[in-house]
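Enquirer: First, the structure itself, so that you have it in front of you.
2 protein chains.
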Amino acid sequence: MSDQPNVSRLYLALVHYPVKDRAGATVTTSVTNLDVHDIARSARTFGVSRYYVVTPIELQHTLVRRILDHWTTGAGRKRMPERWEALSLVEPLVSLEQAIADATQREGERPRLMVTAARAPEGRTLTTVAEAQGWLRDRQHPYMLVLGTGHGLAESVLASADHQLEPLDSGTGYNHLSVRAAAAIYLDRLLGR
Amino acid sequence: MSDQPNVSRLYLALVHYPVKDRAGATVTTSVTNLDVHDIARSARTFGVSRYYVVTPIELQHTLVRRILDHWTTGAGRKRMPERWEALSLVEPLVSLEQAIADATQREGERPRLMVTAARAPEGRTLTTVAEAQGWLRDRQHPYMLVLGTGHGLAESVLASADHQLEPLDSGTGYNHLSVRAAAAIYLDRLLGR
Chain A
1 MSDQPNVSRL YLALVHYPVK DRAGATVTTS VTNLDVHDIA RSARTFGVSR
51 YYVVTPIELQ HTLVRRILDH WTTGAGRKRM PERWEALSLV EPLVSLEQAI
101 ADATQREGER PRLMVTAARA PEGRTLTTVA EAQGWLRDRQ HPYMLVLGTG
151 HGLAESVLAS ADHQLEPLDS GTGYNHLSVR AAAAIYLDRL LGR
Chain B
1 MSDQPNVSRL YLALVHYPVK DRAGATVTTS VTNLDVHDIA RSARTFGVSR
51 YYVVTPIELQ HTLVRRILDH WTTGAGRKRM PERWEALSLV EPLVSLEQAI
101 ADATQREGER PRLMVTAARA PEGRTLTTVA EAQGWLRDRQ HPYMLVLGTG
151 HGLAESVLAS ADHQLEPLDS GTGYNHLSVR AAAAIYLDRL LGR
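Here the protein sequences line up with chains A and B, keeping their order.
Counting along the first sequence from 1, when you hit position 55 you're at 55 in our numbering, and nothing is skipped either side.
Counting along the second sequence from 1, when you hit position 55 you're at 55 in our numbering, and nothing is skipped either side.
Structural data, given as structure tokens:
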């Protein structure tokens with residue numbers, strides 16, 4: 001595990017499969033350039049250990065690696081070193097299992113999965129942000145925050161997680177944040193200040 | 001003013017001029033599709049009254065209006081009504097003064113400007129998030145949260161504001177959030193829960 005005080009034991013996974021589409025069917029979404037950049041910058045700002053971009057489509061790993069290469073070597077790195085610092089956290093992997101395996105190797109312990117969803121499922125105990133904050137501050141165990149693209153993580157992922165975080169409640173009854181905004185808010189709530 | 005309990009008296013302005021470039025020079029940045037969408041969704045989620053996209057380049061107003069037309073009438077509106085709900089908050093205007101004038105007309109009172117910057121300037125009294133939260137909860141006066149694109153708002157905008165919010169402090173010493181992530185976090189801190 002990292003002994004740097006500014007680095008949490010929190011890992012982040014952005015899942016492109018299995019996620020839901022608008023109708024609830026399980027689909028694979030495309031990796032977007034901006035999800036890589038924006039969420040890497042938020043991850044670095046709040047001290048996330050590693051940011052996994054999860055997709056089974058190997059061609060999209062090539063896309064991610066091309067972005068990383070541009071910014072982590074050569075011209076991009078020289079021109080904007082702070083972007084390199086953020087993107088060096090990024091790792092494209094084919095499955096959530098691989099992300100868990102990578103974090104397990106780094107930590108010597110399997111990270112506990114915290115999933116998120118825009119709506120609370122019936123009959124499931126939810127973890128409050130305050131509880132999760134406490135666990136992260138204790139640094140006793142590594143955790144992985146799992147975010148879904150599309151219309152959210154498939155039920156199979158939600159069901160297999162150790163913890164489901166309470167949805168981001170804004171009080172307006174409207175909750176259609178972009179995954180970039182949701183990632184920023186969760187990281188701020190969990191690790192900010 | 002709005003009497004809807006779920007709508008704050010907070011207005012949001014995303015400024016594309018005058019902002020700083022990497023070297024500190026004053027420039028005009030381009031409006032991006034995703035800034036319009038992401039920030040509108042965050043604005044709607046947290047109950048912002050109106051989201052002004054400020055740029056003196058009239059051609060870019062056409063771009064913004066084309067996005068709005070697609071989602072607020074016809075096919076887009078039917079397919080994704082929640083996107084329409086968010087984008088109906090958006091208004092492209094040529095200057096911050098026009099945004100202030102529009103909000104003043106809606107509220108019957110000039111909104112107080114709260115600016116943001118990634119770094120605290122020397123010798124300026126900063127407003128804490130807790131203070132600003134209190135003002136917004138009281139609903140005694142309208143406020144406008146002003147965010148800069150590029151490398152942040154020009155000094156002239158910072159100097160003319162009523163309040164400058166404390167920078168988002170993550171505790172890591174790294175603060176290079178995207179404007180989309182910063183908007184989401186500020187709205188959550190100011191209006192969330």
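Note that CB positions come from ideal geometry on N, CA and C, so glycine has one too.
The model shown is predicted, which means the values in this text are computed figures rather than measured ones.
Keeping to the same chain, check which residues put their C-beta closer than 7 Å to that of A:N33; ignore five residues upstream and five downstream.
Expert: I67
Enquirer: Could you spell out where the beta strand (DSSP E) holding A:Q164 opens and where it closes?
Expert: H163 to L165
Enquirer: Hey, could you find the ends of the beta strand (DSSP E) A:E91 is sitting in?
Expert: V90 to L93
Enquirer: Within the chosen definition, does the region 36 to 46 of chain B reach the region 174 to 184 of chain B through at least 3 CB pairs nearer than 8 Å?
Expert: Look at the beta carbons and you see the region 36 to 46 of chain B touching the region 174 to 184 of chain B: at least three pairs across the two are nearer than 8 Å.
Enquirer: Output yes or no for whether 8 Å exceeds the beta carbon distance between B:V19 and B:V27.
Expert: Yes, the pair counts as a contact, with Cβ atoms nearer than the cut-off.
Enquirer: Which residue comes first and which comes last in the beta strand (DSSP E) that contains A:A13?
Expert: L10 to V15
Enquirer: Using CA atoms only, rank isn't needed, just tell me which of A:D102, A:A184 and A:A99 is closest to A:L168.
Expert: A:A184
Enquirer: Does B:G47 get closer than 8 Å to chain A when you measure Cβ to Cβ?
Expert: Under the Cβ criterion of 8 Å, B:G47 is counted among the residues facing chain A.
Enquirer: Start and end of the alpha helix (DSSP H) containing A:V157?
Expert: E155 to S160
Enquirer: When you compare each of B:V53, B:A43 and B:F46 to B:H16 by their alpha carbons, which one comes out closest?
Expert: B:V53
Enquirer: Taking Cβ-Cβ distances below 9 Å as the criterion, which residues of the region 162 to 184 of chain A are in contact with chain B?
Expert: L168, D169, S170, G171, T172, G173, Y174, N175, H176, L177, S178, R180, A181, A182, A183 and A184
Enquirer: Please go through the same chain and pick out, in chain order, the residues whose beta-carbon is closer than 7 Å to the beta-carbon of B:G150, but skip the five residues on each side of it.
Expert: V19, K20, D21, V27 and T29
Enquirer: Taking only the alpha-carbon atoms, compute the straight-line gap between A:V115 and A:Y186 and give it to the nearest angstrom.
Expert: 11 Å
Enquirer: Measuring only between beta-carbons, confirm whether B:P18 sits less than 8 Å from chain A.
Expert: Not one chain A Cβ lies under 8 Å of B:P18.
Enquirer: What residue does the beta strand (DSSP E) around B:Y52 start on, and which one ends it?
Expert: R50 to V54
Enquirer: Using a beta-carbon distance below 8 Å, is B:L10 in contact with chain A?
Expert: no
Enquirer: Between the beta-carbon of B:L10 and the beta-carbon of B:L191, is there less than 8 Å?
Expert: yes
Enquirer: Within 8 Å of any Cβ in chain B, is that where the Cβ of A:D3 sits?
Expert: Confidence is the limiting factor: at A:D3 the pLDDT is only 48, short of 50, which leaves the residue's position unreliable and the question unanswerable from this model.
Enquirer: May I ask you to verify whether the region 78 to 95 of chain B touches the region 127 to 144 of chain B, counting CB pairs closer than 8 Å and requiring at least 3?
Expert: no
Enquirer: Taking B:L34 as the query, report the chain A residues whose CB atoms sit under 7 Å from its CB, ordered along the chain.
Expert: Those within 7 Å of B:L34 in chain A are L34.
Enquirer: Who pairs with B:Y143 in a beta bridge, going by DSSP?
Expert: B:L10 and B:R112
Enquirer: Which chain B residues sit within Cβ distance under 7 Å of A:E91?
Expert: Ordered by position in chain B, no residue passes the 7 Å Cβ test against A:E91, which lies about 19 Å from the chain.
Enquirer: Say whether chain B places a C-beta atom closer than 8 Å to the C-beta of A:R44.
Expert: yes
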